[in-house]
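Q: Handing you this structure, nothing more for now.
Spelled out as structure tokens, the structure:
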């Protein structure tokens, strides 16, 4: 029994890691979407977290807990700095600004020789693993569920539905926007750190525009009615290419087709169920 | 002292002066009506008072507290609440959750949200009870768990009022509360608004086109036309005011039917 499980784990190890990491990323973009903002900066925050954690491990040999903490704090500080001016923007303009942020961080990593430049960082020690990844995912799922079922969850949904009305109800809009961005960037940073420590290598091009769009699509496919929905979306989008492997050359085409159909016919996501907002 | 004092309030949109140095004061415990033809600047004035728009000039005071430059959420905490002309309830939420959202500034849990201690649970329980009381007050108890967007139109209006009351306001701004209502609904609304003043001691400032409602409900009226204040006084005084008659009917007319509600 255990042997079979062990075999399964070693065969699908990287997929199991990816499902957990992508679940955390899906939750990070959910936090921003839940207050009615659109961010394409999650990949950049993930990259900053990954580089922070990996550099601390590779160059300084710090304990994994310290690397994790730093990988949450550094992107959060970046979000705090960037958030000030950009959160005056809303909707598609914020999205464009965060795309810019993503490009800037990519180019910084590309040209930063200390962090390996274009070659990236390799021989990152293996730390954390399945336990740390899924532990973080569960803690975040529970935490965000509790937040949804409180005055903060009500304020967030009110903002998403009608920002002006939410403001008149007494919701401090700039503060909620900023806190949402900071929290989501810390979450993306932790996901980056966890994934760097199970893949032993990171490079500057892993955190570009394509990754940002993929992260956004987790929440688009899953929905944002509850924290569970984006995680379901990321799980499906991570598994789909593997499940479709027998289709060989048609794999990516069918993969894309399924996503397009899901978005067309399920605009509220695969899991449209809405979590109650009372505690 | 007046509860709301508006002085020299002005708002320009490029060339258009939507609100032009308007002065008026709302006395506590009264229903104050803001009337005028379409495009007179009534909704813009509401947006200036509630902080949704910034004025080009002038000042607004709530009691002796200046509101100038304060964001809407700060004004709500100070005791100002409002409803919108085109209903703006949170339609995905339940009716009860909508009212509880109005309680936002009166709740303070932070870490308790994650720890779920007795303090948090007590606060949430009290918030629910308070929201249910308000729903009972406006007659929506039965619908507490319905999706707000599924309510009939008149009920959505009443929900918006309950949500505004949840902010524990001193002054409630009502932007055309009777718009789109049938006569029976309007009659019920009239009763509800009177109870707000008489039973709850609230002060109301309302924009309304339904003249019979305005004339029978309001203690005092301010009339706007093209952004300017053209009259101010009791309903009887305003009805007889030549500038008001001209604004509603044009010049050359002597018979006024404002009192019969023909002009709306």
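Chains as they are written, first to last, in our numbering: chain C, 1 to 279; chain F, 1 to 264.
Glycine included, each C-beta is placed from N, C-alpha and C at the ideal position.
At a cut of 8 Å, does the region 66 to 79 of chain C reach the region 207 to 225 of chain C through at least three beta carbon pairs?
A: At 8 Å Cβ cutoff, the stretches do not touch.
Q: Relative to the alpha-carbon of residue 81 of chain C, which residue among C/201, C/2, C/62 and C/101 has its alpha-carbon at the smallest distance?
A: Checking every option, the nearest Cα to that of residue 81 of chain C belongs to C/101.
Q: Say whether chain F places a C-beta atom closer than 9 Å to the C-beta of residue 172 of chain C.
A: With 9 Å as the cut-off, residue 172 of chain C counts as an interface residue toward chain F.
Q: With a threshold of 9 Å between beta carbons, is residue 72 of chain F in contact with chain C?
A: Interface residue, yes.
Q: Does any C-beta atom of chain B lie closer than 9 Å to the C-beta of residue 34 of chain C?
A: No chain B is part of this structure, whose protein chains are labelled C and F.
Q: Cα separation between residue 227 of chain C and residue 23 of chain C?
A: Rounded to whole angstroms, residue 227 of chain C to residue 23 of chain C spans 10 Å at the Cα level.
Q: So what does residue 228 of chain F bridge to, in DSSP terms?
A: Looking at the DSSP assignment, residue 228 of chain F forms a beta bridge with F/225.
Q: Listing by chain order, which chain C residues have their CB less than 8 Å from the CB of residue 107 of chain F?
A: Per Cβ cutoff of 8 Å: 151.
Q: Tell me the DSSP secondary structure of residue 37 of chain C in three-state form.
A: DSSP places residue 37 of chain C in coil when its eight states are reduced to three.
Q: First and last residue of the beta strand (DSSP E) that includes residue 35 of chain F?
A: From DSSP, the beta strand (DSSP E) with residue 35 of chain F extends over 31 to 35.
Q: In angstroms with no decimal places, state the Cα-to-Cα distance between residue 115 of chain C and residue 13 of chain F.
A: Roughly 52 Å separates the two Cα atoms.
Q: With DSSP as the reference, please indicate the residues paired to residue 175 of chain F in a beta bridge.
A: Partner(s): F/207.
Q: Along the chain, where does the beta strand (DSSP E) containing residue 62 of chain C start, and where does it finish?
A: Unbroken run through residue 62 of chain C: none, as it is neither H nor E.
Q: Does the beta carbon of residue 165 of chain F sit closer than 9 Å to a beta carbon anywhere in chain C?
A: Output row for residue 165 of chain F: interface = no.
Q: May I ask you to report which of helix, strand or coil DSSP gives residue 91 of chain C?
A: Correct three-state label for residue 91 of chain C: helix.
Q: Return helix, strand or coil for residue 156 of chain F, following the three-state DSSP convention.
A: If DSSP states are grouped into helix, strand and coil, residue 156 of chain F belongs with the helices.
Q: Could you tell me the alpha carbon to alpha carbon distance between residue 335 of chain C and residue 45 of chain C, rounded to whole angstroms?
A: Nothing can be reported for residue 335 of chain C, as the shown portion of chain C is limited to 1 through 279.
Q: Quick one: does residue 88 of chain F have its CB under 9 Å from some CB of chain C?
A: Interface residue, yes.
Q: Output needed for residue 53 of chain C: all residues of its chain with C-beta closer than 6 Å, excluding positions within five of it in sequence on either side, in chain order.
A: Around residue 53 of chain C: 67, 71, 193 and 196.
Q: Tell me, please, whether the CB atom of residue 234 of chain F is closer than 9 Å to any CB atom in chain C?
A: No, residue 234 of chain F does not count as interfacial toward chain C.
Q: Mind the definition here: the region 209 to 218 of chain F touches the region 187 to 197 of chain F only if three or more C-beta pairs lie below 8 Å; say whether that holds.
A: Touching, yes.
Q: Hey, does residue 169 of chain C have any beta-carbon neighbour from chain F nearer than 9 Å?
A: Yes - at least one Cβ of chain F is within 9 Å of the one on residue 169 of chain C.
Q: Helix, strand or coil for residue 260 of chain F per DSSP?
A: A caution first: residue 260 of chain F carries a pLDDT of 45, below 50, which makes its placement in the model unreliable, though a value can still be read off. Looking at residue 260 of chain F - three-state DSSP - the assignment turns out to be helix.
Q: Taking the alpha helix (DSSP H) that residue 188 of chain F falls in, what are its first and last residues?
A: Its alpha helix (DSSP H) spans residues 183 to 198.
Q: Counting only C-beta atoms, is residue 274 of chain C closer than 9 Å to chain F at any point?
A: Yes, its Cβ sits closer than 9 Å to a Cβ of chain F.
Q: By DSSP, does residue 253 of chain F sit in helix, in strand, or in coil?
A: Residue confidence is low: residue 253 of chain F scores 47 on pLDDT, short of 50, so the model does not pin down where it sits. No coordinate-derived value is stated.
Q: Hey, would you say residue 177 of chain C sits closer than 9 Å to residue 83 of chain C, going by beta carbons?
A: Yes, these two residues count as a Cβ contact at 9 Å.
Q: Tell me which same chain residues have a C-beta within less than 6 Å of the C-beta of residue 125 of chain C, skipping the five on either side of it?
A: For residue 125 of chain C, where only same-chain residues beyond five positions count, the Cβ hits under 6 Å are 57.
Q: To the nearest angstrom, report how far apart residue 119 of chain C and residue 112 of chain C are at their CA atoms.
A: When rounded, the distance between both Cα atoms is 10 Å.
Q: Take residue 51 of chain F as the anchor and find which of F/95, F/8, F/93 and F/72 has the nearest alpha-carbon.
A: With distances taken between Cα atoms, residue 51 of chain F lies closest to F/72.
Q: For the region 109 to 121 of chain F, enumerate the residues whose C-beta is nearer than 8 Å to any C-beta of chain C, in chain order.
A: Residues passing the 8 Å Cβ filter: 109, 113, 114, 116, 120 and 121.
Q: Pick helix, strand or coil for residue 122 of chain C, following the three-state DSSP scheme.
A: Here residue 122 of chain C sits in coil by DSSP.
Q: Return the CA-CA distance between residue 10 of chain C and residue 277 of chain C, expressed in angstroms with no decimal places.
A: For residue 10 of chain C and residue 277 of chain C, the distance between alpha carbons rounds to 41 Å.
Q: Do the region 160 to 174 of chain F and the region 76 to 96 of chain F meet, that is, are 3 or more Cβ pairs less than 8 Å apart?
A: With a cut-off of 8 Å, the region 76 to 96 of chain F and the region 160 to 174 of chain F count as touching, because enough Cβ pairs lie within range.
Q: Name the DSSP bridge partner or partners of residue 59 of chain F?
A: BP columns for residue 59 of chain F point to F/7.
Q: Can you tell me whether residue 185 of chain C is buried or exposed? The criterion is at least 16 other CB atoms within 10 Å of its CB, across all chains shown.
A: By the 10 Å Cβ count, residue 185 of chain C comes out buried.
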